[in-house]
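Visitor:
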Amino acid sequence: MKLFPEMIPSAAAVNGLRILRPHSKSSVYNEKLMDEIIDMQINDTNSRNRKRMKGDLAREVDVEAMIAISVGFPVDSLTEEEIEYNVIPLLGGVEQTNYIVVRNHILARWRSNVSTWLTRDHAYESIRSEHRGLVNVAYSFLLEHGYINFGLAEPIKDVCLSNGDGGEKGNVIIVGAGLAGLAAARHLMLLGFKVLLLEGRKRPGGRVRTRKMSGKGKNDGEDLVAAADLGGSVLTGINGNPFGVLARQLGFPLHKVRDICPLYLPDGKAVDSEVDSRVEVSFNRLLDKVCKLREAMLEEVNCVDVSLGSALEAFRRTYEVAEDSQERMLLNWHLANLEYANASLLSDLSMAFWDQDDPYEMGGDHCFIPGGNERFIRALADNLPIIYDRTVQRIQYGSDGVMVFAGGQVFRGDMVLCTVPLGVLKRESIEFVPELPLAKREAIQRIGFGLLNKVAMLFPYDFWGGGIDTFGHLTEDSSMRGEFFLFYSYSSVSGGPLLVALVAGESAVKFESMSPVNAVGRVLDILKGIFARKGIQVPNPVQVVCTRWGKDKFTYGSYSYVAIGASGDDYDVLAESVGDGRVFFAGEATNRRYPATMHGAFLSGLREAANILRAANKRSLVAKEKINSGREANNAKEINVIEEIDDFDKLFQTPDMSFGSFLVLFDPRSTDLDTAALLRVGFGGNHLASGALYLYSLIPRKQVMELSQVEGDGNRMRMLSSNYGVKLVGRKSLGSVGEDLIDSMKAARLNSVEGTTNAALQA
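Mapping the sequence shown onto UniProt numbering, position 564 (from 1) lands on 564, and the numbers just tick up by one.
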């Protein structure tokens, strides 16, 4: 059992002692080392049972730190989430360092076997008892924020379904069953919430869409079937990626996208590798010069943002880069690839902040999932309460909860999580009542939402060969540089000879209005130009699918980008909740660190589940405080009432007249027989555990005198009811006349006591 001997207790920390563990030699993410760590986790999960020397332990601590870095934790400081969570009472010092070691250990321990549910007791096992407090808070933080025990392993699914049945924490309506909504729903159920997802489409997944394509093959009319990812397709960086965790849990293999990407000229001739390398170097240098210009501009207080495209073109002209026609086509291809990465025209992309998410990029290989990403979607959506074909028109929120209007129905909940794409928010397809805050509305308009389209083609056979995953095509017209500029081969992962052509930048916009016949014709012309030189005949495809993401009313585009005038701050503003913790937002466009990615959408769902939990806990705490303060107020009222009752009862301790169970107080202000007297009648004094029950009535003094002459309480009661028509009532029902009489009696008694006291003093 590992007890972290290099950790020291808090008491020693006060005396200035330091942790013996050396810091990591480098705070820079080491991708090669990370690959080794991931491989070790997958293939050597039993290694922690081996006996370790001190040097091995130090290395393990550093390995665990690297794993924490891969999922977004800083090297030696806390995240904003951890600070808000108050994981330690004071920032800095030994306590913080010890917490980080504990947190990294718990995280790495679960990541070594993501198919289990890591319990709090398991986390305690390898940490010294004096650090149980750190283990407890680190475990709670990691669990609630979805860093451990998330995903689709059977033990985790069991906890999710059992905890979500009761909904003790509250009811949450989730708008949208894309990756963000599905991730949030599962995590909210695990945390004890009851959820309901409303999805406008007739399927889950949102912008992750795998289309089954089929047709007849070359050999004897064989049946062909292939899975084409029409939306999100590539897992961009597998180290630390939650989809890497899901793939391990589900047993899905990962196919590394190979780096080889040959490029072809418009006439089909292969680009010379030396020229290709030279232009790529020049392209990267242009980006470096833009970065230096940006640094200088950002130092100016009143700097004005410009487009990345204009800055690159200015430097290209200044330094005479790519003056040759072939070099210019190559440069345009790299620019098209940049537009593909950002789903934007370079003329719309912010020079200042277009790459603001680069420091957080997931490390490791880019990968495909054989069979398509819809395999993830089906697994995530399994057993979730999703209502399909429900397009949300309005979200209404207030202090008492939310109402979501969809398809002629109204759904009520404690909170709502809106996960619709930024394009839908930009179109104001959903009405928010009250209106969203101005800052959020402005952020929605500032952030860009771009376009990428695809042409998926299933061929009767794989004529392009299986040795590569990508190849590119150049064009002479710079305005058409993004049209079918890159081809992805899915033969090794789709189940059939599938080729996908990408359309980016300005061409993606034009493609929306291009007929499928023309689109396929142009793609085939390009392919024939490339492979005819190799003596390969290009067959006609057996099935083709063209995307039109810009015209899709559930997206109105593909993914977000930092437009001119926008920044990473706008992503944070878009992520903020509104309505005092009633309306929350998730999706790739709310994730500053990982925008425009599938894992960014997924992680935003986990993030908002934790935020919803915090809001629910806060609301519960406030309610308890109100109840407690109300009890205190009620107690104070009860004390006043008791005191008042005591004074009232004291009046009847010395009544003006009594007979049987009847006690009478006369009006001290008059002796007239017609003036009112206060009558009290006691019932059940010997039979009620709480003592006698007293009822009252106001009757004339004359009637009191007559009652006193009647024998027996029964006869007196009949006389009250039959002869006088009197009804006995409770103390509080005597009305204003009765209260006035009582006040007079109290005042008279008080004056009498004071007079007696003064007389005694004089004597």
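The beta carbon of each residue, even a glycine, is placed where N, CA and C say it ideally should be.
Quantities reported herein were computed from a predicted structural model and do not represent experimental measurements.
Applying the criterion that 16 or more other CB atoms from any shown protein chain within 10 Å of the CB defines a buried residue, is Pro359 buried or exposed?
Guide: Counting Cβ neighbours within 10 Å, Pro359 comes out exposed, since fewer than 16 surround it.
Visitor: Can you tell me whether Leu673 is buried or exposed? The criterion is at least 16 other CB atoms within 10 Å of its CB, across all chains shown.
Guide: Flag for Leu673 reads exposed.
Visitor: Checking 8 Å against the spacing of the C-beta atoms, do Ala601 and Gly178 come in under that value?
Guide: Yes, the Cβ-Cβ distance between Ala601 and Gly178 is below 8 Å.
Visitor: Between Thr318 and the rest of its own chain, which residues show a CB-CB distance below 6 Å, the 5 nearest in sequence each way excluded?
Guide: Contacts found: none.
Visitor: Over the uninterrupted beta strand (DSSP E) stretch that includes Thr470, give me the two end residues.
Guide: Counting along the chain, the beta strand (DSSP E) containing Thr470 begins and ends at 470-473.
Visitor: Do Tyr556 and Gly423 have their CB atoms nearer than 8 Å?
Guide: For Tyr556 and Gly423, yes; Cβs fall inside 8 Å.
Visitor: So does the region 591-600 actually touch the region 168-178, counting three or more Cβ pairs closer than 8 Å?
Guide: The region 591-600 is not in contact with the region 168-178.
Visitor: To which residues of the same chain is Cys303 closer than 6 Å at the C-beta, ignoring the five residues directly before and after it?
Guide: Counting only Cβ-Cβ distances below 6 Å, and skipping sequence neighbours, we find Met297.
Visitor: Mind checking which residues open and close the beta strand (DSSP E) that includes Arg699?
Guide: Looking at the sequence provided, one finds Ile at residue 699 rather than Arg. That run of the beta strand (DSSP E) goes 693-700.
Visitor: Suppose you measure from the CA of Arg749 to the CA of Lys626; what does that come to, to the nearest Å?
Guide: When rounded, the distance between both Cα atoms is 40 Å.
Visitor: So who's on the other strand from Arg211, going by DSSP bridges?
Guide: Partner(s): Ala228.
Visitor: Ala610 and Glu144 - do their beta-carbons sit closer together than 8 Å?
Guide: Against a cut-off of 8 Å, the Cβ pair of Ala610 and Glu144 comes out as a contact.
Visitor: Rounded to whole angstroms, what's the CA-CA distance from Ala226 to Leu452? Just pull it up for me.
Guide: Rounded to the nearest angstrom, the two C-alpha atoms are 21 Å apart.
Visitor: So, with DSSP's three-state summary, where would you put Tyr319?
Guide: In the structure shown, Tyr319 sits in coil (DSSP, three-state: anything other than H, G, I, E or B).
Visitor: Between Val71 and Val102, is the Cβ-Cβ spacing less than 8 Å?
Guide: Taking 8 Å as the Cβ cut-off, Val71 and Val102 do not qualify as a contacting pair.
Visitor: Would you kindly work out how many angstroms separate the C-alpha atoms of Lys454 and Gly550, rounded to a whole number?
Guide: Whole-angstrom Cα-Cα distance: 12 Å.
Visitor: Looking at the strands, I want to know which residues DSSP matches up with Gly448.
Guide: According to DSSP, which records beta bridges pairwise, Gly448 is partnered with Tyr561.
Visitor: Using DSSP's beta-bridge definition, name the partner residues of Ile395.
Guide: Answer by DSSP bridge pairing, in chain order: Val404, Phe432.
Visitor: Would you check if there are 3 or more beta carbon pairs closer than 8 Å linking the region 259-271 to the region 80-97?
Guide: Counting Cβ pairs under 8 Å, fewer than three are found: no touch.
Visitor: For Ala352, is the classification buried or exposed, using 16 other Cβ atoms within 10 angstroms of its Cβ as the cut-off for buried?
Guide: Looking at its Cβ environment, which holds 16 or more other Cβ atoms inside 10 Å, Ala352 is buried.
Visitor: Rounding to the nearest angstrom, what Cα-Cα distance links Val271 and Lys157 in this structure?
Guide: Using only the alpha carbons, I get a separation of about 51 Å.
Visitor: Could you spell out the range, first to last residue, of the beta strand (DSSP E) harbouring residue 781?
Guide: Residue 781 lies beyond the stretch modelled for the chain, which goes from 1 to 763, so this question has no answer here.
Visitor: Please state the DSSP three-state secondary structure of Met1.
Guide: At Met1 the pLDDT is 34, less than 50, meaning the model places this residue with poor confidence; the figure from the coordinates comes in the next sentence. Met1: coil per DSSP, three-state reduction.
Visitor: Am I right that Leu331 and Phe283 are in contact with their C-beta atoms under 8 Å? What's the rounded C-beta distance?
Guide: Indeed they touch by this definition, with Cβ atoms about 6 Å apart.
Visitor: Under the criterion of a Cβ to heavy atom distance below 7 Å, does Lys732 qualify as lining the ligand MG?
Guide: Questions concerning the ligand MG fall outside what the structure shown contains, since it holds no ligand whatsoever.
Visitor: Where does Leu308 land, buried or exposed, given buried means 16+ other C-beta within 10 angstroms?
Guide: Buried is the call here.
Visitor: Along the beta strand (DSSP E) that carries Leu78, what are the first and last residues, could you check?
Guide: Per DSSP, Leu78 belongs to no beta strand (DSSP E) and is neither H nor E.
Visitor: Just to confirm the assignment: which complete alpha helix (DSSP H) runs, minimum length 4, are found wholly within the region 225-286?
Guide: Runs found: 242-250.
Visitor: Which same chain residues, not among the five before or five after Tyr694, have their C-beta less than 8 Å away from its C-beta?
Guide: Cβ within range, chain order: Arg680, Val681, Gly682, Phe683, Arg731.
Visitor: With 8 Å set as the bound, which would you pick, yes or no: does the beta-carbon of Ser347 sit closer than that to a beta-carbon of chain D?
Guide: Among the chains of the structure shown, chain D does not appear; only one protein chain is present.
Visitor: Using a threshold of 8 Å, state whether the C-beta atoms of Met362 and Thr470 are closer than that.
Guide: No, the pair does not count as a contact, with Cβ atoms beyond the cut-off.
Visitor: Let's see if you can read the secondary structure: which residues bound the alpha helix (DSSP H) around Arg390?
Guide: No alpha helix (DSSP H) holds Arg390; DSSP gives it neither H nor E.
Visitor: For Asn15, count the other beta carbons within 10 Å of its own beta carbon; 16 or more makes it buried, fewer makes it exposed. Which is it?
Guide: In this prediction, Asn15 has a pLDDT of 30, which is less than 50 and means its spatial position is unreliable; nothing more can be read from the coordinates.
Visitor: For Glu483, which beta-bridge partners are listed by DSSP?
Guide: In the DSSP output, where bridge partners are listed per residue, Glu483 has Val503.
Visitor: From the DSSP output, read off the bridge partner residues of Ser489.
Guide: Leu499.
Visitor: Leaving out the 5 sequence neighbours to the left and right, which residues in its chain are closer than 7 Å to Arg669 when beta-carbon positions are compared?
Guide: Excluding sequence neighbours, Arg669 sits near Ser744.
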